[in-house]
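**Student:** Structure provided below as structure tokens; questions to follow.
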């Protein structure tokens with residue numbers, strides 16, 4: 120995904136928001152954005168939710184899965200639903 124992408128975040132103090140949700144997995148907004156903005160990340164669809172899911176690495180090298188939903192096309196905006204560390208798939 121390119122930098123034209125806008126990631127939508129809830130307020131950090133929203134107890135039901137996505138910022139708090141990813142923090143429960145030990146992650147930050149920067150971690151999630153590293154994955155979503157990387158050209159090396161791979162996007163498919165979650166088998167459990169049917170939502171888009173992007174797999175990629177943070178700048179620190181952690182492999183994450185980021186589940187998101189499309190909010191708008193122009194400009195392209197997505198809402199990060201959740202993110203969590205995952206083992207890197209074997210080739």
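Residue numbers (the working numbering): 120 to 210. Yeah, the Cβ is synthetic: ideal placement off N, Cα and C, and Gly gets one too. Please read these numbers as outputs of a predicted model, since none were measured by experiment.
Using the C-alpha atoms, what's the distance from residue 198 back to residue 127?
**Tutor:** Going from the Cα of residue 127 to the Cα of residue 198 covers about 5 Å.
**Student:** Under 8 Å by Cβ, that's how I've got residue 188 and residue 204 pegged, so tell me the actual separation to the nearest angstrom.
**Tutor:** 21 Å between Cβ atoms; not a contact.
**Student:** Which value, in whole angstroms, describes the spacing of the CA atoms of residue 178 and residue 159?
**Tutor:** About 12 Å.
**Student:** Based on Cα-Cα distance, which residue from 131, 170 and 162 lies nearest to residue 190?
**Tutor:** With distances taken between Cα atoms, residue 190 lies closest to 170.
**Student:** Compare the C-alpha of residue 147 against each of 185, 163 and 167 and name the closest.
**Tutor:** Taking only the C-alpha atoms, the option nearest residue 147 is 185.
**Student:** Can you tell me whether residue 132 is buried or exposed, with buried defined as 16 or more other CB within 10 angstroms of its CB?
**Tutor:** Residue 132 is exposed by the Cβ-count criterion.
**Student:** For residue 144, which option in 192, 193, 207 and 183 has the closest C-alpha, if you only look at C-alpha atoms?
**Tutor:** Comparing Cα-Cα distances from residue 144 to each of 192, 193, 207 and 183, the minimum goes to 183.
**Student:** Quick one: Cα of residue 124 to Cα of residue 164, how far?
**Tutor:** The alpha-carbon atoms of residue 124 and residue 164 are separated by roughly 18 Å.
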